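First comes the structure, then the notes that go with it.
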Amino acid sequence: MMKKVNIYLVAAVVMLLTACGRNERVTPLSEQIDSIVGRVFPDSLPGAAVLVMQGDSVLAQRCYGLADLETRQPVTPETNFCIASVSKQFAALALLQLVEQGKVSLDDPLRRFFGSWPSAVLDSVSVRHILSHTSGIPDARPRDDRDFVLHATDVASAQYIATLDSLRFQPGTKYEYINPTFQLIYQMIPAATGVDFETYVHDHLLKPAGMVHTAYFEAGRPIEKMAHGYQWSDSLQRYVEFDYDEETFFATKADGGLYTSVSEFALWEKALREGKIVSDSTLRMAYTPVISIPEDANYGYQPHTGYGYGFFIQQPADGSDAVVYHTGDNGGFTIYAGKIPRRDITVMLFSTRNDIDRMGMVNAILALLKKN
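Okay, here's the thing in structure tokens:
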């Protein structure tokens, strides 16, 4: 079956599949995705949505399983998943918009935004270090305090940095992926603009992209067509909800609190391609590796991969096209959103289970695409 994929891109622009679960047109690519992904997500279990596009044309769109085990609602293209750390690109591009406008410089030290904080490290860590996970700031949050984990906001979670007395390494020299530094962006945006973070992202990113059903989670705030995350319980021998009952753990926004669907994320990718968010030159800068990710990295290692400004970039040793992407993990949600910019191809895998081989499935899909 794998050999059949070579025929699926013969036509220049073909709408291969327009709906999940109804009126499906079986195609070589969708058959291959079923063989890779479909067998992992039975109809009666927590599910996933897959979307593959080239430019504005849908190459394959597949939905599997359930978004909510209690209500038995199936996953659809409009199901809203917590995209976790895939949210970081929205915070990064909000800052890069301000860089384009001259309101922020990549070389601005954190001292500019947090002038009242006594920590001396704020003078040596810059915006570019925050965006590329090269700040040297340690993750010193009290992660063993369950109440803190469940309820800390962006402000509370990053507050320890105010009195930090040392860095783990000289900024810009090493990679270490941590969430609190991206949570700082929640306060950096209003410091530079006078507009709160969520309003700024809505008005300058989500609205121009047409993402009307995408939102940051807060406890008590309803999100339509909302999926739940699940993990397998050995003791119960079934999948159980694992999203902390939507506690405010999900409400740290700048590093990972966005809920969206594959349909709306496709609008985001379109807005990026069309220059509605930042210029092509700024986007290329974000998609350029700043630092290589070592094999012993705490998060994000893949062969031949670096980190830019809010994105992972994989540049295969065989010289094939670079892949720009981000992953997200939060509770039971396991997320991937990537692209091959030179070929205008986008690949999304949004899952409500945390026991899957995400990169194995994604790499298999990318291998099919790279053959054509």
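What the sequence shown shows, in my numbering, is residues 374 to 745, in sequence order.
In this text, a Cβ means the ideal position worked out from N, Cα and C, and glycines have one as well.
No experiment lies behind these values; they were computed from the predicted model shown.
Identified DSSP bridge partners for residue i
i, result
"PRO447", "LEU439"
"ILE558", "Answer by DSSP bridge pairing: none, since ILE558 is not bridged."
"HIS575", "In the DSSP output, where bridge partners are listed per residue, HIS575 has none listed."
"HIS699", "ALA710"
"TYR612", "TRP605"
"VAL720", "VAL425 and GLY711"
"SER505", "For SER505, which the question treats as bridged, DSSP gives no partner whatsoever."
"PRO419", "LEU439"
"ALA433", "VAL425"
"ASN453", "MET599"
"TYR326", "Since the first and last residues shown for the chain are 374 and 745, residue 326 lies out of range."
"ILE664", "TYR680"
"ARG726", "TYR603"
"SER749", "Summary: the structure shown does not reach residue 749, with the chain confined to residues 374 through 745, and so no result is reported for it."
Proximity below 8 angstroms, CB of residue i to CB of residue j
i, j, result
"HIS333", "GLU637", "Nothing in the structure corresponds to residue 333, since the chain is present only between 374 and 745."
"ASP411", "ARG445", "Correcting the residue type first, residue 411 is Gly in the shown sequence and not Asp. Not in contact: GLY411 and ARG445 (Cβ atoms no closer than 8 angstroms)."
"LEU468", "ILE558", "yes"
"ILE708", "VAL425", "no"
"ILE713", "LEU741", "no"
"VAL697", "GLY711", "yes"
"GLY509", "ARG541", "yes"
"ASP480", "ARG501", "yes"
"LEU466", "ILE650", "yes"
"GLN560", "VAL528", "yes"
"PHE590", "GLY630", "yes"
"SER530", "THR449", "no"
"GLN329", "ILE718", "Missing from the structure shown is residue 329; the chain here goes from 374 to 745 and no further."
"SER492", "ILE534", "yes"
"ILE664", "THR554", "no"
"TYR548", "ILE666", "yes"
"THR725", "PHE487", "no"
"PRO544", "SER499", "yes"
For residue i, the first and last residue of its enclosing beta strand (DSSP E)
i, result
"THR678", "678-680"
"LEU631", "631-633"
Distance between beta carbons of residue j and residue i, contact taken as under 8 angstroms
i, j, result
"ILE738", "ILE456", "In fact, because the Cβ distance is near 18 angstroms, the residues do not count as touching under 8 angstroms."
"THR633", "MET584", "7 angstroms"
"LEU483", "VAL477", "12 angstroms between Cβ atoms; not a contact."
"GLN556", "ASP628", "5 angstroms"
"GLY705", "GLN604", "5 angstroms"
"LEU640", "LEU656", "That belief does not hold up - the Cβ atoms of LEU640 and LEU656 are roughly 16 angstroms apart, past 8 angstroms."
"TYR674", "MET658", "Incorrect: roughly 23 angstroms between the Cβ atoms, too far for contact."
"ASP702", "ASN727", "7 angstroms"
"ASP416", "GLY438", "6 angstroms"
"LYS580", "ASP429", "That belief does not hold up - the Cβ atoms of LYS580 and ASP429 are roughly 20 angstroms apart, past 8 angstroms."
Residue i - containing alpha helix (DSSP H), residue span
i, result
"PHE684", "Neither: PHE684 is in no alpha helix (DSSP H) and is coded neither H nor E."
"PHE486", "That residue, PHE486, is in no alpha helix (DSSP H); it is neither H nor E in DSSP."
"PRO401", "401-409"
"ALA531", "Run containing ALA531: none; DSSP gives neither H nor E here."
"VAL522", "519-524"
"ASN736", "731-743"
"PHE473", "Reading the sequence as shown, one finds Glu at residue 473 and not Phe. Unbroken alpha helix (DSSP H) run through GLU473: 461-473."
"THR655", "653-659"
Discussion item. For the structure I just gave you, are there three or more beta carbon pairs, one from the segment 658-674 and one from the segment 597-610, closer than 8 angstroms?
Written reply: no
Practice prompt. Taking 8 angstroms as the threshold, find out whether the segment 560-570 comes into contact with the segment 415-430 through three or more Cβ pairs.
Written response: no
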